[in-house]
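Heads up, the sequence shown is in the numbering used here, so the first residue is 58 and it goes up one at a time.
Built from N, CA and C at the ideal position, the CB exists for glycine as well.
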Amino acid sequence: MANVSQIRPNNSALIAMIADEDTITGFLLAGVGNVDLRRKTNYLIVDSKTTAKQIEDAFKEFTTREDIAIVLISQYVANMIRFLQKV
Numbered sequence: 058m059a060n061v062s063q064i065r066p067n068n069s070a071l072i073a074m075i076a077d078e079d080t081i082t083g084f085l086l087a088g089v090g091n092v093d094l095r096r097k098t099n100y101l102i103v104d105s106k107t108t109a110k111q112i113e114d115a116f117k118e119f120t121t122r123e124d125i126a127i128v129l130i131s132q133y134v135a136n137m138i139r140f141l142q143k144v
């Protein structure tokens, strides 16, 4: 995960989200969404068709990206990948 020393105050940092469609939609309407030049987003919408592997991959990507400071995960999604989360 990003250390405080890695995030420079003069640069903007993103919030990444892994959650259900309603939660993601609310944050997108609030202006939190981002799509970069390579069409990578800062969110993953989890529904009944989303596999645990897709959630794991998104979590690993978001926690290693330098432009992301916070990863928001809804509770039921967090329970699916609890083994990946470090305290």
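message = Quick check: residue 87 and residue 127, are their CB atoms within less than 9 Å of each other?
response = One-based indexing of the sequence shown puts residue 87 at position 30. One-based indexing of the sequence shown puts residue 127 at position 70. No, the Cβ-Cβ distance between residue 87 and residue 127 is not below 9 Å.
inquiry  = According to DSSP, is residue 85 part of a helix, a strand, or is it coil?
reply    = Residue mapping note: residue 85 aligns to position 28 of the sequence shown, counting from 1. The answer is helix: DSSP assigns residue 85 an H, G or I state.
message = Mapping the DSSP letters down to three states, classify residue 125 as helix, strand or coil.
response = Translated into positions along the sequence shown, residue 125 becomes position 68. Residue 125 falls in the strand class under three-state DSSP.
request  = Would you kindly work out how many angstroms separate the C-alpha atoms of residue 102 and residue 109, rounded to a whole number?
outcome  = What you label residue 102 is simply residue 45 of the sequence shown in a count that begins at 1. What you label residue 109 is simply residue 52 of the sequence shown in a count that begins at 1. Whole-angstrom Cα-Cα distance: 12 Å.
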